[in-house]
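*Asks:* Under the UniProt record's numbering, the first residue of the sequence shown carries the number 1, and numbering increases by one thereafter.
Just so you know, even glycine gets a beta-carbon here, dropped at the ideal spot from N, CA and C.
All values derive from a computational prediction rather than experimental measurement.
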Amino acid sequence: MKKYLFLLLFCSSLVAFSQTKDTTDLKVGLVLSGGGAKGLAHIGALKAIEDAGVRIDYIGGTSMGAIIGALYASGYSAKQLDSIFNIVDFNTLIQDNIPRSAKTFYEKEESEKYALTLPFDKFQVSFPSGLSKGQNVYNLLSKLTGHVNTVQDFGKLPIPFFCVATDVERGKQVILDKGYLPRAVSASGALPTLFSPVVIDDRVLIDGGVVNNYPIDETKAKGMDIIIGVDVQDSLKSRSKLKSAFDVLVQINNYRTIRDMEVKRSKTDIYIQPKIDDFTVVSFSEGHKIITSGEVAAELQKSKLEAIAAQQKKIDRPTIDLIQETSAYITEVQIEGLEKYTRSYVLGKLKLKVPSVVSFDAFNEGVNNLSATGNFQDINYRSIRNEEGEYTVIFSLRENPSNMLLRLGVHYDDLYRTAGLINITRKRTLTNNDIASLDFIIGDNLRYNFNYYIDKGFYWSIGFNSAYNSFDKNVQVGFVSPELPSEDNPQINKLNLQYQDFTNQLYVETLFRRSFLLGGGLEHKYLRYLSETIGIDEDNNPRTVFESTNYYSTYGFLKYDTYDNSFFPKDGLYFNGDFHLYLFASGRNNDFKQFSIAKAKLGYARSFLTNFSALLTTEGGFKLGGDETRSFDFFAGGYGFKEINNIIPLYGYESLSLRGNTYLKTSITFDYEFLKNNHFNLAANISNIGDDLFSDGKWIDRINYTGFAAGYGMETFFGPIEVKYSFSPEREAGEWHVTAGFRF
1 MKKYLFLLLF
11 CSSLVAFSQT
21 KDTTDLKVGL
31 VLSGGGAKGL
41 AHIGALKAIE
51 DAGVRIDYIG
61 GTSMGAIIGA
71 LYASGYSAKQ
81 LDSIFNIVDF
91 NTLIQDNIPR
101 SAKTFYEKEE
111 SEKYALTLPF
121 DKFQVSFPSG
131 LSKGQNVYNL
141 LSKLTGHVNT
151 VQDFGKLPIP
161 FFCVATDVER
171 GKQVILDKGY
181 LPRAVSASGA
191 LPTLFSPVVI
201 DDRVLIDGGV
211 VNNYPIDETK
221 AKGMDIIIGV
231 DVQDSLKSRS
241 KLKSAFDVLV
251 QINNYRTIRD
261 MEVKRSKTDI
271 YIQPKIDDFT
281 VVSFSEGHKI
291 ITSGEVAAEL
301 QKSKLEAIAA
311 QQKKIDRPTI
321 DLIQETSAYI
331 TEVQIEGLEK
341 YTRSYVLGKL
351 KLKVPSVVSF
361 DAFNEGVNNL
371 SATGNFQDIN
381 YRSIRNEEGE
391 YTVIFSLREN
401 PSNMLLRLGV
411 HYDDLYRTAG
421 LINITRKRTL
431 TNNDIASLDF
441 IIGDNLRYNF
451 NYYIDKGFYW
461 SIGFNSAYNS
471 FDKNVQVGFV
481 SPELPSEDNP
491 QINKLNLQYQ
501 DFTNQLYVET
511 LFRRSFLLGG
521 GLEHKYLRYL
531 SETIGIDEDN
541 NPRTVFESTN
551 YYSTYGFLKY
561 DTYDNSFFPK
571 DGLYFNGDFH
581 LYLFASGRNN
591 DFKQFSIAKA
601 KLGYARSFLT
611 NFSALLTTEG
621 GFKLGGDETR
631 SFDFFAGGYG
641 FKEINNIIPL
651 YGYESLSLRG
661 NTYLKTSITF
671 DYEFLKNNHF
681 NLAANISNIG
691 DDLFSDGKWI
701 DRINYTGFAA
711 GYGMETFFGP
721 IEVKYSFSPE
731 REAGEWHVTA
741 GFRF
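Pasting the structure below:
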């Protein structure tokens, strides 16, 4: 009897065990640590985990682990993530670099003048909270997670997810498992000093790695049976690798994290630690190697991973197609959070008119341009697609309370010589959307530039500009022959010319067809130039005054500019047309009669081969009427200075060595960027300049002036540094041109 009872119990146990085995379904949580560029190893580890057949039921991540984890949780496969991150330009992504072609005209001019910009509220210098606002990261995440942008509860993503951030005011961790996914992930990855903090629900959040870089307890608390952890955190370095103060500070910051990992590692069922000691948190250029290291480390746990997969039910994950769309039809834009700025201002900076089809690239560039104004601390947006495929974009903005800036710059060229620039800019001075900016320039020549601008975006913007420029230059006596009385015949070759220009402009302008700037206005200009080399004036001073007159005019202009770089363009088109009608004058020019001046410049840049590009430009100008007034002749020669009035550069000739009331010029430049930001270029230009070239047909008779140049240029944070040698066959002589810094 006992024998039969034993057999019955044994068979019952087998049946029970069999049933338990059939119903076993282990829940697996995945923990992904922070680690900057090292976090790309998470992708490799996920590839091996996928290959082993493991189903992930919950993901907890911090910083880079949050970024990778969020994308995986939203439905992308590990192979898709590998493809995505292999084509990302991390330098652009991190630095919020804004393509020049995407900026509005005002932002282009502002970004190409100042080397350093600092907050200056209440006349006290401060520093920004981060080198980057993380706008490019946010744009990329918004694009990649568009298919789940209506999910407010991260527990309802294809794989439930949360990430960790740090409340910087309280020093406590914040679990982000609800809200807008890109915003939450941006907060978790807001590395101090590199990215600005992110505000969510009135909490100022930074990188979660500060308080919890490996959220295993929080992941396990979600009811997980097994925890797989991928750890890409730094380990302690030996003295030989602590080569700077920064290395020491990072080591000190890692003490707590490494100590905590001693406990957390023991709680991890499958612990994956890629060998990434040779990489740093910014080694994005070695992303492929880092991803491979993650895959290799996870493969070492293959048997354990497969054993876990064998105890899970198989569930087919829906596949997410990589985004194929390149544009969207936007029918509505909603903007929240505006107090001091207007809707038209925001749309103008976004270059966004609705309804219209907008490419994703153009949309992102517009968002970055809005960010570049510095007027908004946060730019959050969400795109909602309806059943007809039309998009509504909802912007949530937080305005920047700071309204004053201190900006600095330096420059050298052959005409103005040394110059240092101090700028004070104040926003919202008299009304919303306005900017008041004063440049004070000291050096070999004293100058200033004041600009007051009310930016209305796509509507007509209003501006006032007042500027004073001066320089002195040795020129050939023949250069001033139009102003010399016929009886004067100085027995010298050169004289020193002192040139002064004082200009005031009141103007209006607007964006036309998204890319053109159309405008016009009224202008007062006082021109004065003289030489102390020759003559005696009416006050018995040793000088000859050639010009001292106030001119009053009306003018119009049209601009188009898609150059990717103002100084070394590789791609884009450029057009600048200007027409001035001079109505009356007062001062030395008693013989004034009305005249007009028209001029235009057209440029085209194109890349070819690797790191080679060509720039072709053609330009010209002419004067109609007013033969008695010669002060507005075109002065040609030199290189590297900011152009004012009708003073134009020309290779092969010294500044202010040629003049006439008509000119034509064509130039071509071949550029080779042999190292990043280092350029070697060859250039040639041809020109005709003289009086009335169009009326008498002299402009097509022959080419009067030619020049060739070879040079080296380097792009730096304070502007380009260029050294060029130019040669003119007509003169059988050459000129050296040296210029440094942004032109102002």
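Candidates 202, 702 and 174: which alpha carbon is nearest residue 189's?
*Replies:* Just measuring C-alpha positions, the residue of 202, 702 and 174 sitting nearest residue 189 is 174.
*Asks:* Could you tell me the alpha carbon to alpha carbon distance between residue 203 and residue 126, rounded to whole angstroms?
*Replies:* 22 Å
*Asks:* My parser needs the beta strand (DSSP E) runs of 3 or more residues fully inside the stretch 665-731; what are they?
*Replies:* 678-690, 705-716 and 719-728
*Asks:* Let me check understanding here. Comparing Cα to Cα, which of 693, 654 and 677 lies closest to residue 662?
*Replies:* Closest option to residue 662, judged by alpha-carbon separation, among 693, 654 and 677: 693.
*Asks:* Compute the Euclidean distance between the alpha carbons of residue 451 and residue 540, then round it to the nearest angstrom.
*Replies:* In this structure, the straight-line span from the alpha carbon of residue 451 to that of residue 540 is close to 38 Å.
*Asks:* Using only the alpha-carbon positions, how far apart do residue 327 and residue 390 sit?
*Replies:* 11 Å
*Asks:* Taking the alpha-carbon of residue 459 as reference, which of 30, 346, 553 and 648 has the nearest alpha-carbon?
*Replies:* 346
*Asks:* Among all the DSSP beta bridges, which residues are the ones paired with residue 612?
*Replies:* Note: residue 612 is bridge-paired with 608 and 672 in the DSSP secondary-structure output.
*Asks:* Whose C-alpha, out of 117, 35 and 499, is nearest the C-alpha of residue 422?
*Replies:* 117
*Asks:* Residue 311: which of 375, 433 and 226 sits nearest, CA to CA?
*Replies:* 226
*Asks:* When the Cα of residue 153 is compared with those of 132, 138 and 181, which residue comes out closest?
*Replies:* 181
*Asks:* What would DSSP say about residue 370, mapped onto helix, strand or coil?
*Replies:* helix
*Asks:* Among 493, 471, 554 and 44, whose alpha-carbon lies nearest the alpha-carbon of residue 504?
*Replies:* The candidate whose alpha carbon is nearest that of residue 504 is 554.
*Asks:* Apart from the five residues on each side of it in sequence, which residues of its chain come closer than 6 Å, Cβ to Cβ, to residue 210?
*Replies:* Hits under 6 Å: 166.
*Asks:* Could you check which residue in 91, 294 and 401 has the C-alpha nearest to that of residue 119?
*Replies:* 401
*Asks:* Is residue 459 helix, strand or coil when you go by DSSP?
*Replies:* coil
*Asks:* Count the other CB atoms, across all protein chains shown, that sit within 10 Å of the CB of residue 584; report buried if there are 16 or more and exposed otherwise.
*Replies:* exposed
*Asks:* Along the chain, where does the alpha helix (DSSP H) that runs through residue 220 open and close?
*Replies:* Element bounds for residue 220: 216-220.
*Asks:* May I have the straight-line CA-CA distance separating residue 575 from residue 601, to the nearest angstrom?
*Replies:* 6 Å
*Asks:* Any beta carbon of chain B sitting closer than 8 Å to that of residue 705?
*Replies:* Reference to chain B is not applicable here, since this structure consists of a single protein chain.
*Asks:* How far does the beta strand (DSSP E) with residue 584 in it reach, from first residue to last?
*Replies:* 572-587
*Asks:* Identify the continuous beta strand (DSSP E) that holds residue 509 and give its terminal residues.
*Replies:* 494-512
*Asks:* For residue 348, collect the residues of the same chain with a Cβ closer than 6 Å to its Cβ; drop the 5 residues on either side in sequence, then sort them by chain order.
*Replies:* 457 and 458
*Asks:* Quick check on this structure: which residue in 651, 526 and 733 has the alpha carbon closest to the alpha carbon of residue 500?
*Replies:* That would be 526, whose Cα lies nearest to the Cα of residue 500.
*Asks:* What's the gap between the Cα of residue 508 and the Cα of residue 212?
*Replies:* 54 Å
*Asks:* Check whether the stretch 348-366 touches the stretch 278-296, counting contact only when three or more Cβ pairs, one atom from each stretch, lie closer than 8 Å.
*Replies:* Counting Cβ pairs under 8 Å, fewer than three are found: no touch.
*Asks:* Measuring CA to CA, which of 548, 267 and 442 is closest to residue 224?
*Replies:* 267
*Asks:* In this structure, what does DSSP give as the bridge partners for residue 469?
*Replies:* 501
*Asks:* Taking buried to mean at least 16 other C-beta atoms within 10 Å of its own C-beta, is residue 393 buried or exposed?
*Replies:* buried
*Asks:* Could you round the C-beta distance between residue 58 and residue 219 to whole angstroms and report it? I think they count as a contact, below 8 Å.
*Replies:* That pair is a contact at about 6 Å.
*Asks:* Would DSSP call residue 295 helix, strand or coil?
*Replies:* helix
*Asks:* Does DSSP put residue 741 in a helix, a strand or coil?
*Replies:* coil
*Asks:* Name the DSSP bridge partner or partners of residue 735?
*Replies:* 726
*Asks:* Quickly, what does DSSP pair residue 380 with across the bridge? List them, please.
*Replies:* 396
*Asks:* Using only the alpha-carbon positions, how far apart do residue 103 and residue 743 sit?
*Replies:* 18 Å
*Asks:* Who are the near neighbours of residue 731 in its chain, counting only those whose CB is closer than 8 Å to its CB and skipping five residues on each side?
*Replies:* Excluding sequence neighbours, residue 731 sits near 652 and 653.
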